[in-house]
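Here is the structure we will look at, set down as structure tokens.
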Amino acid sequence: MTDRTAIYPGTFDPITNGHLDIIDRARAQFDAVVVAVSQHPSKNPLFPLEERIAVAKETTAGLGGVLVESFDGLLVDFVRARGGGVLIKGLRAVTDFDYELQMAQMNYRLAGVETMFLVANPEYSFLSSSLVKEVARFGGDVTGMVPAEVLSRLRERFHGEG
Ligand code: ADP
-9 MTDRTAIYPG TFDPITNGHL DIIDRARAQF DAVVVAVSQH PSKNPLFPLE ERIAVAKETT
51 AGLGGVLVES FDGLLVDFVR ARGGGVLIKG LRAVTDFDYE LQMAQMNYRL AGVETMFLVA
111 NPEYSFLSSS LVKEVARFGG DVTGMVPAEV LSRLRERFHG EG
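Shown next as structure tokens:
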């Protein structure tokens, strides 16, 4: 392997323990992991970009070798502008696979950027940011699924508590 930087892209709206598990495991394989937070205004995120970045920074602060950056536009342009890197994706189930395969092939075709997949930890493979938001919105307990920094923000957002 020649490229020792992993780039882990996503919306991270919000970051979950499933994401953090992938980041931690990617660290074991690469010299540096860049969490690339997509601006994604079209997805109408619950948390604004600045907050998603801030939370990703807070929750990875204790992990050496992790950087949090943001990108807009084509992911491969971001990878190129950084001077290269390997994309990391988490696969939770076959339902992730079709889309991720297509994206990986497109990114390779566009810019020769490689994608590597880490299979989700079964403890978190049912977790998605959108499901966490839906459960939290209706008062369900998502303790253990998201870091404490996210838990308090979800409570504040949906139930006006700090
Ligand atoms: P997207 O904008 O692509 O929906 P997300 O922020 O939801 O991005 O997720 C980013 C990446 O993290 C994707 O590769 C996704 O497959 C992976 N991922 C999301 N949730 C989990 C999880 N619970 N376990 C492992 N990987 C996950």
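Residue 62 in this note's numbering is what sits at position 72 of the sequence shown, and the numbering runs on without skipping anything.
For each residue, glycine too, the CB sits at the ideal point set by N, CA and C.
Task: Limits of the beta strand (DSSP E) - the one that F61 falls within - done: For F61, the enclosing beta strand (DSSP E) begins and ends at V56 to F61.
Task: T1: first and last residue of the uninterrupted alpha helix (DSSP H) it sits in - done: Neither: T1 is in no alpha helix (DSSP H) and is coded neither H nor E.
Task: Outcome for A26 when other beta-carbon atoms lying within 10 angstroms are tallied against a minimum of 16 - done: Per the 10 Å Cβ criterion, buried.
TODO: Whole angstroms is fine: what's the gap from F68's alpha carbon to L77's?
DONE: Rounded to the nearest angstrom, the two C-alpha atoms are 11 Å apart.
Open item on the list: Is K47 a contact residue of the ligand ADP, with contact defined as CB to any heavy atom under 7 Å?
Closed with: Within 7 Å of the C-beta of K47 there is not a single heavy atom belonging to the ligand ADP.
Task: Heavy atom of the ligand ADP within 7 Å of K79 beta-carbon - done: Yes, since a heavy atom of the ligand ADP falls inside the 7 Å radius drawn around the Cβ of K79.
Task: Boundaries (first-last residue) of the beta strand (DSSP E) holding M106 - done: In the DSSP assignment, M106 falls within the beta strand (DSSP E) that extends over T105 to V109.
- [ ] Look at D3 and P31 and say whether their C-beta atoms are less than 8 Å apart.
- [x] Against a cut-off of 8 Å, the Cβ pair of P31 and D3 comes out as no contact.
Open item on the list: Would R15 and L108 qualify as a contact pair, given that the criterion is a beta-carbon distance under 8 Å?
Closed with: Taking C-beta atoms as the reference points, R15 and L108 count as a pair closer than 8 Å.
TODO: For the alpha helix (DSSP H) containing I12, list its first residue and its last residue.
DONE: Unbroken alpha helix (DSSP H) run through I12: N7 to Q19.
Open item on the list: The beta strand (DSSP E) that contains V27, what's its start and end?
Closed with: Element bounds for V27: A22 to S28.
Task: For V24 and A47, the rounded distance between their alpha carbons - done: Correcting the residue identity first, residue 47 is Lys in this sequence and not Ala. Each residue's alpha carbon lies about 11 Å from the other.
Task: Contact test: H9 Cβ vs the ligand ADP heavy atom, cutoff 7 Å - done: At least one heavy atom of the ligand ADP is nearer than 7 Å to the Cβ of H9, so yes.
Open item on the list: Suppose you measure from the CA of G54 to the CA of R(-6); what does that come to, to the nearest Å?
Closed with: The alpha-carbon atoms of G54 and R(-6) are separated by roughly 15 Å.
- [ ] Return the chain-ordered list of same chain residues with a C-beta closer than 7 Å to the C-beta of M135, the five sequence neighbours on each side being excluded.
- [x] Correct list, in chain order: T6, N7, L117 and V122.
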